[in-house]
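Undergrad: Residue numbers (the numbering used here): 27 to 232. Positions of the beta carbon are idealized from the N, C-alpha and C atoms, including for glycine. Below you'll find the structure I mean.
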């Protein structure tokens, strides 16, 4: 995956072009449908190009933001398909799985805007926010509006960082990796806390 990312970065370095902008769009899209793909690295390099090689800032911003929205819509559509069959018509493992995620979907129905707005700042799990939104059957236009706010804020931050750091690509990449590592640690702590809370409640209930 790192070799592919490097090849994309090398190609983008050749200058602004329609294929290059499509790569930025596609990278932002693929990141949502295939989370292991390091789309943020490509987006960051787009910001680096805008800051140092006269790529158009509005065009780069539009490419990565629209790519994020397209990926979000794909995840939302998957969630809608998963929830198409009512729980009472399911059986076996599928029914048990849907019953387990039902509390999460109920929270999305109440606080969907908050969850979707913060999605862009959480690496690796962004897709699941939109799948859950689709399963909760939240209105698509609202989900995409919240998603646009999140993507626009994140991409603006990335581009601003590209201009602030300037020509030091290694420093830019290091900052992104530090943030990503910190975010993963925070997510892990939250997940662990939720598991401990669930185990405590289950033990008290028994």
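If you follow the alpha helix (DSSP H) that residue 72 is in, where does it begin and where does it stop?
TA: Indexing the chain shown from 1 puts residue 72 at position 46. 65-78 is the extent of the alpha helix (DSSP H) around residue 72.
Undergrad: Would you give the residue range spanned by the alpha helix (DSSP H) that residue 107 belongs to?
TA: Counting from one through the chain shown, the residue named residue 107 turns up at place 81. First-last of the alpha helix (DSSP H) with residue 107: 83-108.
Undergrad: Skipping 5 residues on each side, what residues in its chain have a beta carbon closer than 8 Å to that of residue 206?
TA: Your numbering for residue 206 matches position 180 in the chain shown. Closer than 8 Å at Cβ, skipping near neighbours: 66 and 149.
Undergrad: Contact between the region 101-110 and the region 216-228: three or more CB pairs below 8 Å?
TA: As far as the Cβ criterion goes, the region 101-110 does not touch the region 216-228, which means the pair count is below three.
Undergrad: Taking the alpha-carbon positions, what's the residue 163 to residue 156 distance?
TA: Within the chain shown, the letter at position 137 stands for residue 163. Within the chain shown, the letter at position 130 stands for residue 156. Distance between the alpha carbons of residue 163 and residue 156 is about 10 Å.
Undergrad: If you draw a straight line from the alpha carbon of residue 82 to that of residue 56, how long is it in whole angstroms?
TA: As a working note, residue 82 is residue 56 in the chain shown. As a working note, residue 56 is residue 30 in the chain shown. About 22 Å.
Undergrad: Mapping DSSP to helix, strand and coil, what is residue 163?
TA: The count along the chain shown starts at 1 and reaches residue 163 at position 137. Coil at residue 163, not helix or strand.
Undergrad: For residue 74 versus residue 188, is the C-beta spacing smaller than 8 Å?
TA: As a first step, residue 74 must be located in the chain shown, where it is residue number 48. As a first step, residue 188 must be located in the chain shown, where it is residue number 162. Cβ distance < 8 Å, so residue 74 and residue 188 count as in contact.
Undergrad: Looking at C-alpha atoms only, which residue of 89, 62 and 195 is the closest neighbour of residue 182?
TA: Position 156 of the chain shown holds residue 182. The residue with the shortest Cα to Cα distance from residue 182 is 89.
Undergrad: Considering just the uninterrupted stretch of the alpha helix (DSSP H) at residue 45, what are its terminal residues?
TA: To locate residue 45, count along the chain shown from 1; it is residue 19. Here the alpha helix (DSSP H) through residue 45 covers 44-59.
Undergrad: Just the Cα atoms here: how many angstroms apart are residue 152 and residue 40?
TA: Residue numbering aside, residue 152 sits at position 126 when the chain shown is read from its first letter. Residue numbering aside, residue 40 sits at position 14 when the chain shown is read from its first letter. Straight-line Cα distance between these residues: approximately 31 Å.
Undergrad: What is the C-beta distance between residue 93 and residue 52, in whole angstroms, given that I count them as a contact (C-beta under 8 Å)?
TA: Looking up residue 93 in the chain shown gives position 67. Looking up residue 52 in the chain shown gives position 26. Sure, about 6 Å apart at Cβ, within 8 Å.
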